[in-house]
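Asker: Residue numbering for the sequence shown follows my numbering, starting at 11 and increasing by one per position.
Here a beta-carbon is modelled for each residue, glycine too, at the ideal position from N, C-alpha and C.
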Amino acid sequence: MKMLLRNRELSALLAILALFAVLVALNPAYFSFQTLGMIFASSQILILLALGAAMVMLTRNIDVSVGSTVGLCAIAVGIALNSGYSLPVAMLFALTIGALAGAFNGFLVVGLRIPAIVATLGTLGLYRGGMLLWTGGKWIEGLPSSLKSLSEPVVIGISPIGFGVLILAGIGAWIFSRTLFGRDFYAVGDNLAAARQLGVAVNRTRMIAFTLNGVLAACAGIVFASQIGFVPNQTGSGLEMKAIAACVLGGISLLGGTGTLAGAFLGAFFLTQIDTVLVLFKLPAWWNDFIAGLVLLGVLVLDGRLRQALARHQRALKYSRFQPGNRGGKHVTPFPKRKKEVA
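So this is what it looks like as structure tokens:
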């Protein structure tokens, strides 16, 4: 139990396996690479957003504007393609807009010292309004087949975009666990004053976190346009809350400095898996958010209870070490009192 509490990635992985086992037990036909590929394809957008949200949350900040950034960047790639630009140029255009959107959020938080939740709530409406003004409230349709082909499965049910998501997640997990660049994010989120004393470029790290979050939101917008084949005027609505929920499920702390990108990846996969299972069981669509929210609350409540129990146990062990006759947690015989010498 202690190992599960200390390793949230393992907890998320076990939850994924348990839910998949339930699905297969109810219908053995779902035991296939095709089912896993379908779930992974559905989770790619949320995985990208969870990876970006994790970077920001590690620095003890939060970004609730990524849903609007997804919509803005999906519109950007669609308009560029329909205007005759090549696919690489259109994708670069969308990535640039995502980076600028994220950097602007970082400027508001780092440069103007506006609380992250307030700043990104403002840009949520700003980017959404900009998207609607750009399109006049219309949908972007008629996207070329070159974009749609990126989401077509090629090997074991995984598309080129799917392999790209896996590569991004793998590189990100390695950087944040093995390099000084990644450790700076943890230092900033864990103790801001101590990070400054250690020479960490705190403001630069937070700016990078918001900018990379915007880039990953742009990637999610490109994936959305590729998978759907058109861009509605409400693209991205509500995705920001799902991204934060996926991070929390994967062990990313809202207080910063705790968690891994692998955990965010698994949390996003698990949330998508819940929706996919409900679809496979042909339950009405309005049950999705209710059951996903119920599962999230249940996991968080159980996790909180178990963490409190573990903390009480650790405090009890620590306190027992300082009791008379108990040194280092092991029982020892107290030293006998010395007799007073008689002159």
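Might you give, ordered along the chain, the residues of its own chain that have their beta carbon closer than 7 Å to the beta carbon of G248, omitting 5 neighbours on each side?
Answerer: G77
Asker: Check each candidate in G140, I262, I301 and name the one with the smallest Cα separation from G199.
Answerer: I262
Asker: Using a Cβ-Cβ cut-off of 7 Å (strictly less than) and excluding sequence neighbours within five positions of V241, which residues of its own chain qualify?
Answerer: A84, I85, G88, W149, I150, A235
Asker: Where R123 and N213 are concerned, what is the direct C-alpha to C-alpha distance, given to the nearest angstrom?
Answerer: 11 Å
Asker: Taking only heavy atoms of the ligand SAH into account, decide whether any of them is closer than 8 Å to the Cβ of Q244.
Answerer: Summarising the ligand content, the structure contains no ligands, and the ligand SAH is consequently not present.
Asker: Per the DSSP calculation, V210 is bridged to which residue(s)?
Answerer: Paired residue(s): none; V210 is not in a bridge.
Asker: Applying the 10 Å Cβ sphere with the 16-neighbour rule, what's the burial state of R188?
Answerer: exposed
Asker: Run through the region 33-72 for me and flag every whole alpha helix (DSSP H) of 4 or more residues, listed as ranges in chain order.
Answerer: 43-68
Asker: How long is the line joining the alpha carbons of G338 and A204, rounded to whole angstroms?
Answerer: Low per-residue confidence applies at G338: pLDDT is 47, beneath 50, and the placement is therefore not dependable, though the value from the model is reported in the following sentence. In a straight line, the C-alpha of G338 is about 30 Å away from that of A204.
Asker: Classify Q244 as buried or exposed, calling it buried when 16 or more other Cβ atoms lie within 10 Å of its own Cβ.
Answerer: exposed
Asker: How long is the line joining the alpha carbons of P344 and T268, rounded to whole angstroms?
Answerer: For P344, the predicted model reports a pLDDT of 45, less than 50, meaning its position is unreliable; a value from the coordinates is still stated below. Going from the Cα of P344 to the Cα of T268 covers about 41 Å.
Asker: Using only alpha-carbon positions, find the residue among N115, Q54, F191 that is nearest to S161.
Answerer: Q54
Asker: To which residues does DSSP link I150 through a beta bridge?
Answerer: V241
Asker: Give the secondary structure of V74 by DSSP, where H, G and I count as helix, E and B as strand, and everything else as coil.
Answerer: coil
Asker: Excluding five sequence neighbours on each side, which residues of the same chain lie with their C-beta closer than 7 Å to the C-beta of A230?
Answerer: I55, L58, L59, V80
Asker: Per DSSP, what kind of secondary structure is I26 in: helix, strand or coil?
Answerer: helix
Asker: In chain order, what residues of the same chain lie with their CB nearer than 7 Å to the CB of V225, ignoring the 5 residues before and after it?
Answerer: Excluding residues within five positions, the ones whose Cβ falls inside 7 Å are L105, G108, A109, G112.
Asker: Closest by CA to L68, which one among L134, G192, L208?
Answerer: G192
Asker: Go through its chain and collect everything with a Cβ distance to N201's Cβ below 8 Å, but skip five positions before and after it.
Answerer: G267
Asker: Relative to the C-alpha of Q237, which residue among A51, V32, L36 is closest?
Answerer: A51
Asker: Considering only residues of the same chain and omitting the five flanking positions on each side of I10, which have a CB-CB separation below 7 Å?
Answerer: Since the first residue of the chain shown is 11 and the last is 353, residue 10 is not available in this structure.
Asker: So, for I127: in the same chain, excluding its five sequence neighbours on each side, which residues have a beta-carbon less than 7 Å away from its beta-carbon?
Answerer: I72, V74
Asker: To which residues does DSSP link I168 through a beta bridge?
Answerer: V165
Asker: Closer than 7 Å by C-beta to G239: which residues in its own chain qualify, once you throw out the five before and the five after it? Chain order, please.
Answerer: Only L153, K158 meet the Cβ criterion.
Asker: Which value, in whole angstroms, describes the spacing of the CA atoms of R216 and F291?
Answerer: Straight through space, the alpha carbons of F291 and R216 are spaced by roughly 43 Å.
Asker: The alpha helix (DSSP H) with T130 in it runs from where to where?
Answerer: 126-145
Asker: Let me confirm a value: R70 is counted as buried when at least 16 other C-beta atoms fall within 10 Å, else exposed. Which label applies?
Answerer: buried
Asker: Leaving aside the five residues before and after T221 along the sequence, list all residues of the same chain whose C-beta is less than 8 Å from its C-beta, in chain order.
Answerer: A109, G112, A113, G116
Asker: State the Cα-Cα distance for the pair I49 and E250, rounded to the nearest angstrom.
Answerer: 20 Å
Asker: Hey, how far is the Cα of L27 from the Cα of V210?
Answerer: 39 Å
Asker: Assign F291 to one of three DSSP states: helix, strand, or coil.
Answerer: coil
Asker: Taking A35 as the reference, which of V287, L304, L134, Q207 has the closest Cα?
Answerer: V287
Asker: F280 and A22 look like a contact to me (Cβ under 8 Å); what is the Cβ gap, rounded to whole Å?
Answerer: 6 Å
Asker: Can you give me the Cβ contacts of G135 inside the same chain, cut-off strictly under 8 Å, excluding the 5 residues immediately before and after it?
Answerer: S78
Asker: Short of 8 Å in beta carbon distance, which residues of its chain neighbour L131, apart from the five on each side in sequence? Order them along the chain.
Answerer: Listed in chain order, the non-local C-beta contacts of L131 below 8 Å within the same chain comprise V74, S75, local neighbours out to five positions each way being set aside.
Asker: Under the assumption that G174 contacts R18 (Cβ atoms under 8 Å), give the Cβ distance between them as a whole number of angstroms.
Answerer: 26 Å between Cβ atoms; not a contact.
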